[in-house]
Amino acid sequence: TVSFASSNDGVQTFSHSGAATLHRDLYHPSDGSNTFYFNIAVTAITDGGSGNTIKIKLQSFSDFGSTADVTATETVITTTGNKQVSITPSSDSKMIRASIVIAASDSISFKQPTVELETKDGDKTAQIKPFKYYKETDGKITMVGTGVIKQYDTDLMIFHHDKKGVMVFDNS
């Protein structure tokens, strides 16, 4: 079961009756990215009894998801609070996959998933959101179907659609 952010203060909960993985593919918004950081604020956690089974894993892909070229060490999550995991992708990397792995009867609730990128222009923080489509009127772009949107304190807003691509906006 995955309950996505809605009227629950932006908290997403991931639980399942068996072992499961929830992942988000994050396409590089620009060339020159070095270390990639994934941050979440864990608000609740339930270990179903087998211990150390809730993990965050990052993988780098040069081919958009078929074969990982770099896999970072899995980070075990045992407490609430702000968590950060990182990976240094290959120079050919096109995508980073952030995965949350749970075992049977585990549950994790989190909010504010953000990324930080080390780029040739300096470190950048970003919020990544999906979108269905966009409208352009009088030189202004309106993103539609983006889920819960609020004021984010990040350098970049990145909107991603599997078929329509990536749109990056300066949010500073």
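Sequential numbering of the sequence shown, starting at 1304, is according to the numbering used here.
Yeah, the Cβ is synthetic: ideal placement off N, Cα and C, and Gly gets one too.
#1: Going straight from the alpha carbon of residue 1315 to that of residue 1369, what length do you get?
#2: Please give the ranges of any beta strand (DSSP E) in the stretch 1359-1446, keeping only runs that are unbroken, at least 3 residues long and fully inside the region.
#3: Tell me the rounded alpha-carbon separation between residue 1363 and residue 1410.
#4: Mind checking which residues open and close the beta strand (DSSP E) that includes residue 1468?
#5: The beta strand (DSSP E) with residue 1343 in it runs from where to where?
#6: Out of curiosity, what's the CA-to-CA distance linking residue 1469 and residue 1397?
#7: I'd like to check one pair, residue 1431 with residue 1417: are the Cβ atoms closer than 9 Å?
#8: Hey, how far is the Cα of residue 1402 from the Cα of residue 1388?
#9: Going by DSSP, what residue range makes up the beta strand (DSSP E) through residue 1449?
#10: Taking 8 Å as the threshold, find out whether the stretch 1353-1362 comes into contact with the stretch 1444-1458 through three or more Cβ pairs.
#11: Can you find the residues in the same chain that come closer than 6 Å, C-beta to C-beta, to residue 1343, ignoring five residues on each side of it along the sequence?
#12: With distances taken from CA atoms, which of 1365, 1390, 1395 and 1350 is nearest residue 1380?
#13: Please state whether DSSP places residue 1357 in a helix, a strand or coil.
#14: How many angstroms separate the CA atom of residue 1321 from the CA atom of residue 1456?
If we stick to the structure as given:
#1: Residue numbering aside, residue 1315 sits at position 12 when the sequence shown is read from its first letter. Residue numbering aside, residue 1369 sits at position 66 when the sequence shown is read from its first letter. Distance between the alpha carbons of residue 1315 and residue 1369 is about 27 Å.
#2: Secondary structure within the stretch 1359-1446: the beta strand (DSSP E) runs of 3 or more consecutive residues, fully enclosed, are 1371-1374, 1384-1390, 1398-1405, 1410-1422, 1425-1433 and 1436-1440 (chain order).
#3: As a first step, residue 1363 must be located in the sequence shown, where it is residue number 60. As a first step, residue 1410 must be located in the sequence shown, where it is residue number 107. Inter-residue distance for residue 1363 and residue 1410 is about 25 Å (C-alpha atoms, whole angstroms).
#4: Numbered from 1 along the sequence shown, position 165 holds the residue referred to as residue 1468. Counting along the chain, residue 1468 sits inside the beta strand (DSSP E) bounded by residues 1468-1473.
#5: Here residue 1343 refers to the residue found at position 40 of the sequence shown. 1339-1349 is the extent of the beta strand (DSSP E) around residue 1343.
#6: Your numbering for residue 1469 matches position 166 in the sequence shown. Your numbering for residue 1397 matches position 94 in the sequence shown. Distance between the alpha carbons of residue 1469 and residue 1397: 12 Å.
#7: Along the sequence shown, one-based indexing puts residue 1417 at 114. Along the sequence shown, one-based indexing puts residue 1431 at 128. Less than 9 Å separates the beta-carbon of residue 1417 from that of residue 1431.
#8: In the sequence shown, the residue the question calls residue 1402 occupies position 99. In the sequence shown, the residue the question calls residue 1388 occupies position 85. For the pair residue 1402 and residue 1388, the Cα-to-Cα distance works out to about 11 Å.
#9: In the sequence shown, the residue the question calls residue 1449 occupies position 146. Counting along the chain, residue 1449 falls outside any beta strand (DSSP E), and DSSP gives it neither H nor E.
#10: Put simply, the stretch 1353-1362 does not touch the stretch 1444-1458. Fewer than three CB pairs are less than 8 Å apart.
#11: To locate residue 1343, count along the sequence shown from 1; it is residue 40. Non-local beta-carbon contacts of residue 1343 in its own chain, meaning distances under 6 Å to residues more than five positions away in sequence, involve 1386, 1413 and 1416 in chain order.
#12: On the sequence shown, residue 1380 is found 77 positions in, with the first residue counted as 1. By alpha-carbon distance to residue 1380, the top candidate from 1365, 1390, 1395 and 1350 is 1350.
#13: Residue numbering aside, residue 1357 sits at position 54 when the sequence shown is read from its first letter. In this structure, residue 1357 counts as coil in the three-state DSSP scheme.
#14: Residue 1321 sits at position 18 when you count from the first residue of the sequence shown. Residue 1456 sits at position 153 when you count from the first residue of the sequence shown. So the two alpha carbons sit approximately 36 Å from each other.
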